[in-house]
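Have a look at the structure below, then the notes.
Residue numbers (our numbering), protein chains in the order written: chain A, 3 to 436; chain B, 3 to 436.
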């Protein structure tokens, strides 16, 4: 009997982070970091775990969509999994009726991300490798065929992609060795949330500087004078040599973004992140032009590769902050990494959430080994909470991500977590929800 | 006691249209036209009815989202409804946690459309007017305040909008009189679906020509030779003077779209609709430039006003086909109508679905009376099925939409329809679903 997929379990897992204002910013005052979590059960061997990230209400909509999409996989024969990863992506994102609800955006695309993430976890476990190592070893053609190029091929050709991926395969082992020795650079948002008091910020900053961090991010956009005061406070701790990123979480229109950031330019921001609507490619391009040389960063709400293609073409972003749970998993992310290589734009993935650090370490390490082949100007976001819920959590060493070594995609949560934080009936919630 | 909103009922209504290949195109081979339907119950006076349109699977996700969003309205005092239409839009689209699932796109935005559509129906019924007449009579400032301009104000100023809307209010009555006398021009897709046989097409074409239609639309993109044969067949019936629109429903990449349409140019298409990904603003601009003077039309999948703003700025569309159920109702649509006025782009709303004809007649008539003040180059799509399910269906007179006169937004379905077509337990479905 060939092993098959036997069942999909979709779980609504939420953490009551709003109670401590972790993750608070100008647009998201009270997020409850949540996972719409997908378990792919099999008749033999490991199960696959995957998730998409939300901030609370509506997590149930993603869970319902995961259950629907997952049904398409029941009975799938696992010996065919590896060569089917490209076609399965098309199947999951291309259902002719569900496609109307996007296409390739919103709840259905978030759910497709969770299911594909679980398939990648399953495949990597079956191959006995962490996802980044599995991808790093793939021949050029296998990588190419993972991506749907239909809407991307006007800016990059098959020939140039194949030539590049073949050349990087030849030199992959030296970069793998280097990553294993030194890890991948990171930055931290832990001290910069809007909801924290000055005292809490000072304590967290001292702790972070002591731990070796040199790159920091603060939330801006609620009150200009308050932003100035907090920027000054952070500069006190990190000095002139530290990097200070700023994040507006979409609160501004185009003209306001330009005016506000001119006021904050004196604090030498390393970038301004999400200055306006995440859909406004041309608006970002106007902002980037007006604020140059301050780089404009965006991507955590950029819903698909077609949008990234245009952001890059239009000069709307200088830093690509793709999200591992908003893009429909590794397949689509590889497309975006290749576009970023083509346009020579650094990828610094979004990871302010639960599970996102665990995911994006694989993405950035693969990017270094096979696509951009650089770490210069690239950092992975790091947020220091909720890692205790994962079986194979990220490990940070002196402000750098250590290479993950366990087979899979590092996202499997402890069974105890899946029980306690289940919404609304797990014990953590049963006492809170009325 | 002030009348209040007492309950929200969200209903999953589906029509088994896939059984007859109505609505079949290159991307959507077997749609079941569906409504995620919302009833707003009140303690006194009429209830409000609204819907968003889907093509089957996933309608339940919209229904669940409608129920969640609708809860925000329970207890709302109806005497405050009219001045609250702007703030309520912000409340329904701006929930800080649900916003993560978009923002302003996908399932949650479709649900916001359904709820806001029901609120507009409720308001118009309470005011005793059809929606288009209610809007047509509004002072400039009231119209302006319905729209969230945060992400739109970089291309159009408050002053120019207010001046224009004030001037059109002064001259509105003459255009209202004209609409009441002559109706609004329309075109038909009824004969052009991909799934129909030549015999069925011939019969439908003869019928349509006899009924006075002069503008037709055909689906293209599955097979080039087949497209040519069908275009030739339609030209046989409509001659040189008839207009032939073509619709690719997103099947092509940018380069394919250009090559394919060069082959079909000999049939003198009135426009090419949805040539590629609906998110690809810059791709549409490339196509429009390469195919000029053939106009490029898009919009039925354009998910919000920020996207339309850029399509217009970039020259990515020559015809704006906004969708009354994908944009979050009248508020957002007014924003897009004003952008279209600013960029001098005709609006020809999408209406290939169930309920869409009923909705967009109000939009186009309001556009004529207060925004564009023109019908030149503007036509409303018309599809001749499923109208029997509505209490106040559209009326076509010699290929033109007659003005709706009943109070409300023309979308209330018969109670019998809501019972029979309820998915999956209504009698129409009980026998079909296994």
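Each residue gets a CB set at the ideal place from its N, CA and C atoms; glycine is no exception.
Practice item. Please list the partners that residue 59(A) has in chain B, where partner means a Cβ-to-Cβ separation under 8 Å. Key: 70, 97, 99 and 100
Practice item. Closer than 9 Å by beta-carbon distance: list the chain A residues that pair up with residue 105(B), in chain order. Key: 29, 252, 279, 280, 281 and 303
Point to revise | Expected contact under 8 Å - CB spacing of residue 124(A) and residue 48(A) to nearest Å | key: 7 Å
Review point. What residues in the segment 224–238 of chain A bring their beta carbon closer than 8 Å to a beta carbon of chain E?
Key: Note that chain E does not occur in the displayed structure, where the protein chains are A and B.
Check your understanding: Got a sec: which bits of the segment 145–159 of chain A sit with their beta carbon under 7 Å from any beta carbon on chain B, in order along the chain?
Key -> 152, 153, 155 and 156
Review point. What residue range is occupied by the uninterrupted alpha helix (DSSP H) comprising residue 131(B)?
Key: Where residue 131(B) is concerned, there is no enclosing alpha helix (DSSP H), given that its DSSP letter is neither H nor E.
Point to revise | Proximity winner among 46(A), 58(A) and 112(A), relative to residue 31(A) (alpha-carbon distances) | key: Per the Cα distances, 58(A).
Point to revise | Interface residues of the segment 256–280 of chain B facing chain A [CB-CB below 9 Å] | key: 256, 257, 258, 278, 279 and 280
Point to revise | Given 8 Å, three or more beta-carbon pairs between the segment 90–105 of chain A and the segment 53–69 of chain B | key: yes
Review point. Does the segment 341–349 of chain B touch the segment 150–164 of chain B, meaning 3 or more C-beta pairs lie closer than 8 Å?
Key: yes
Check your understanding: The alpha helix (DSSP H) with residue 146(B) in it runs from where to where?
Key -> 142–148
Check your understanding: Taking DSSP as the reference, what is the three-state secondary structure of residue 430(B)?
Key -> helix
Practice item. On a CA-only basis, which of 91(B), 138(B) and 266(B) is nearest residue 375(B)? Give me that one, please. Key: 138(B)
Exercise for review: Flag residue 344(B) as yes if its beta-carbon sits less than 8 Å from any beta-carbon of chain A, otherwise no.
Suggested key: no
Practice item. Taking C-beta pairs closer than 9 Å, name the residues in chain B that residue 33(A) reaches, listed in chain order. Key: 98, 99 and 102
Practice item. Figure out for me which residue from 239(B), 238(B) and 252(B) has the closest Cα to the Cα of residue 222(B). Key: Comparing Cα-Cα distances from residue 222(B) to each of 239(B), 238(B) and 252(B), the minimum goes to 252(B).
Exercise for review: Find the residues of chain A that neighbour residue 315(B), judging by a C-beta separation of less than 7 Å, and give them in chain order.
Suggested key: 284
Review point. If you compare alpha carbons, which of 401(A), 154(A) and 35(A) is closest to residue 307(A)?
Key: 154(A)
Check your understanding: Interface residues of chain A around residue 288(B) at Cβ under 8 Å?
Key -> 156
Practice item. Measure how close the beta-carbons of residue 149(A) and residue 333(A) come, nearest whole angstrom, since I'm counting them as under 8 Å. Key: 6 Å
Review point. Buried or exposed: where does residue 331(B) fall if 16 or more other Cβ atoms within 10 Å of its Cβ makes it buried?
Key: buried
Review point. Among the residues of its own chain, which have a CB less than 8 Å from the CB of residue 432(B), if the five just before and after it don't count?
Key: 426
Practice item. Hey, could you find the ends of the beta strand (DSSP E) residue 22(A) is sitting in? Key: Careful: residue 22(A) lies outside any beta strand (DSSP E) and carries neither H nor E.
Check your understanding: With a cut-off of 8 Å, does the C-beta of residue 108(A) fall near any C-beta of chain B?
Key -> yes
Review point. Which term fits residue 85(B), buried or exposed, when burial requires 16 or more other beta carbons within 10 angstroms of its beta carbon?
Key: exposed
Check your understanding: Whose Cβ in chain A lies nearer than 7 Å to the Cβ of residue 308(B)?
Key -> 279, 281 and 282
**Study point:** 8 Å Cβ cutoff met for residue 216(A) and residue 244(A)
**Key:** yes
Review point. Skipping 5 residues on each side, what residues in its chain have a beta carbon closer than 7 Å to that of residue 388(B)?
Key: 17, 35 and 356
Exercise for review: Report yes if the CB atom of residue 351(B) is closer than 8 Å to the CB atom of residue 326(B), and no otherwise.
Suggested key: yes
Point to revise | residue 218(A): first and last residue of the uninterrupted beta strand (DSSP E) it sits in | key: 217–221
Review point. Which stretch, first to last residue, makes up the beta strand (DSSP E) that contains residue 383(B)?
Key: 382–384
Practice item. Go through its chain and collect everything with a Cβ distance to residue 369(B)'s Cβ below 7 Å, but skip five positions before and after it. Key: 339 and 349, listed in sequence order.
**Study point:** Beta-carbon neighbours of residue 67(B), restricted to chain A and to distances below 9 Å
**Key:** 60, 63 and 109
Practice item. Output the boundary residues of the alpha helix (DSSP H) element that contains residue 51(A). Key: No alpha helix (DSSP H) holds residue 51(A); the beta strand (DSSP E) holding it covers 50–56.
Exercise for review: Reducing DSSP to helix, strand and coil, say where residue 78(B) ends up.
Suggested key: coil
Practice item. Would you mind working out which of 13(B), 44(B) and 255(B) sits nearest residue 3(B), comparing C-alpha positions? Key: 44(B)
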